Structures are given as C-alpha cells and as structure tokens.
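Report on the following structure.
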Amino acid sequence: ATVSPDEVEDPLIRQVVPDAEDHLLNAEHHFTTFKASFGKNYATQEEHDYRFKVFKANLRRARKHQMMDPTAVHGVTKFSDLTPREFRRQYLGLKRLRLPADAHEAPILPTND
Amino acid sequence: LPTDFDWRDKGAVTNVKDQGSCGSCWSFSATGALEGAHFLSTGKLVSLSEQQLVDCDHECDPEEYGACDSGCNGGLMTSAFEYTLKAGGLEREEDYPYTGTDRGSCKFDRSKIAASVSNFSVISIDEDQIAANLVNHGPLAVGINAMFMQTYIGGVSCPYICSKRQDHGVLLVGYGAAGYAPIRFKEKPFWIIKNSWGENWGENGYYKICRGRNICGVDAMVSSVAAIHATSQ
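The listed protein sequences derive, respectively, from chains A and B.
The first sequence begins at 201 in the numbering used here and counts up one residue at a time.
The second sequence begins at -3 in the numbering used here and counts up one residue at a time.
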C-alpha cells in the first residue's frame, strides 16, 4: 500500500497524541530532567545508578497512582528518587493520636445558616 | 456555611514552609494552626517557630510509655499544643529559626513569646463540623495518610483506595465546592491543605483532596487551637 502526501496531511485526520509523549517511556530522559529541575547530584556512580533504579520504580508508582487517582495529576516530584521507606522516614512524622489530659472535644457547632 | 472558604484570602496563612529532610511535619501543622488562631485573636499574621517545638517539645503521653514528641522523629499536633500551653507560647520564626535538624539544644526564651495557646480541642469526624470549626476558629491541624502525596503534582486528589492510617501532619486552610473531576463527570468538593514541603511541591505547596468519605483519613485527626494575645516583655 502507498500513502500519498495528501493523505498524510489530510485536515480531517488530526494527531491527538503529542510527539513528546514518546518521552513518557524514556526513563533516562525523565531522570535527566528530574536531576536538572531539582538540583540533584549523587556522590558516586553506584549511588547514581541506585537512584535511577528507584526513580524508575517511582515512575511506575506514579502511573499506578494516576490510575487509582484520576482526578489528580501524578508524576515526577522532588521525591522521585526516594524509596517509600526513605520518603516516610525523612518527610513524614506523625505519631498516633492519643488524647492528652488537657484536650477536650470541640462543642458541636450549628451548621445551618 | 459558605460553599467556598479559604483562609488564605483573609490573610490568616503564612507562606509555605519547607521542613527539609526531617520528620517535623507535626510542628509545622501545629504552628500553622496557632498562626491562624493568633491572627484571629490579634489581627496580626506572625510566622511562628517550628524549631522551638523540634528542640524543646518532648511532651509525652502519660498513658503510654515512650510516646513523646521527638523532633525529626515525629510528634503529634495536640501534644505540641499541650507543650505550648505549658511553656507559655511560641517565639517568632525569625527569633528561633528553623534548621531542619533536632541535634541542637532548646534555646527557648520566654521573653520572646509571640503567640500563646488558650485552649485546644479535637473535632469530631464529621465533615460539616470540621468545616464549621474551620470557618469559626481558623485553620485546623489535621493528620493524613501521605501515600499519594509522594507523586502528587496537582488537581483534586480522590483516590479510589487510600489507607486511613495518618502518617503526616498538615494544615487545613479551606474548602471548595467544585473541583472538576473530568473522569467522573461531576464536580467534586474538596479540602485545601497547606503542606510543609516547600512551594516546589504540589500546587505551590498546597494539596487538594476531595471531601465526602474521610479519604486518606483526613477527617479523623482534626484539632483546633485558640490563641491569646501575648506581648513581648
């Protein structure tokens, strides 16, 4: 089969997937952009390779989160080179709620008008 | 209750802060709530010191051995309010700046107290009550499960499944009636959450999470604080 140039540029057929989409599958490209965006430097090649591995796992996680949370946008963030355990240890720190002696429950407020 | 409400528009919220690599989210949540309460009682917005909480607040639960606020290793907002009540108040951010480590000693100077707690409360797990307390008493300290926040960039987060086990302390500053959810073909109400991971995370440091079913445990650990006006001596 042959395709004439007229058919390729048929105004009735519009490309809806941007060319840049190809990069979505290119983890190296994303990692390079990530390092530049967040000023990430790794001390050794081993550390760099390990972080790249973690980064790829986080790309997969972001894709999974996107499917499970379609109303938000999920993707590469400044935490993309951290394992979930590192993320929890370094950035989360809420202990379980136990009510101190001085705490009391807030009175119920009217919510009409 | 108004359909949309945002304490940022009313000048009760300081700029987004950055806790760095330190599990001190609880201290940012607590100071954010007290900053709002102080604004309501005095009309002045003052950025308060998280580092004072990190260094000086080791408030423990008397009923459970070892459950204490401990700097970068975590803490609890209600315990931080308890500490602040006992200590007399918090200093300004500029007088006791954040370092992102908990290796320093406590340098609290009572003569520099800028805001004090008069009392604090926990709020029942009821979204209308949370909204009513937010509108009446200012931004609220809340706990949330942060699993989806590691990859969050923007929009209204409304995951189909999310653990309700809270592991992150944040600040509830407002709510909206209609964040459009194109996949579900309807408008979804949402909470507006101030985080402490800097402005280069999320929507300029903020997170939107949908309301309605205690998503990620956001409705289950909510506390409110009231401030009294304190003047430097």
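We put the CB at the ideal spot given by N, CA and C, even for glycine.
Fair warning: this is a prediction, and the values are worked out from it, not measured in the lab.
- Residues are counted here when their Cβ sits less than 7 Å from a Cβ of chain A; for the stretch 149 to 177 of chain B these are Ile149, Gly150, Gly151, Val152, Ser153, Cys154, Pro155, Tyr156, Ile157, Gln162, Asp163, His164, Gly165 and Ala177, given in chain order.
- Per DSSP, the beta-bridge partners of Gly139 (chain B) are B:Gly165.
- At least 8 Å separates the beta-carbon of Phe252 (chain A) from that of Ser280 (chain A).
- If you check the CB distance, Lys204 (chain B) and Val12 (chain B) do not come in under 8 Å.
- Under the three-pair Cβ rule at 8 Å, the stretch 261 to 278 of chain A does not count as touching the stretch 122 to 129 of chain B.
- Just so you know, the alpha carbons of Gly96 (chain B) and Phe24 (chain B) end up roughly 12 Å apart.
- In the same chain as Pro155 (chain B), and ignoring 5 residues on each side of it, the C-beta atoms closer than 6 Å to its own belong to Phe144, in chain order.
- Here DSSP, grouped into helix, strand and coil, assigns Leu49 (chain B) to helix.
- Under the DSSP assignment, Gly28 (chain B) falls in the alpha helix (DSSP H) whose first and last residues are Cys21 to Thr38.
- Against chain B, the CB of Gly239 (chain A) has no partner CB under 8 Å away; the residue lies outside that interface.
- The Cβ-Cβ distance between Val42 (chain B) and Arg88 (chain B) falls below 8 Å.
- Residue-level contact by beta carbon holds for Lys295 (chain A) and chain B, with a gap shorter than 8 Å.
- Uninterrupted alpha helix (DSSP H) stretches at least 4 residues long and entirely within the stretch 232 to 285 of chain A occur at 245 to 268, given in chain order.
- Distance from the CA of Gly84 (chain B) to the CA of Ser114 (chain B), rounded to the nearest whole angstrom, comes to 10 Å.
- In this structure, the straight-line span from the alpha carbon of Trp193 (chain B) to that of Glu286 (chain A) is close to 15 Å.
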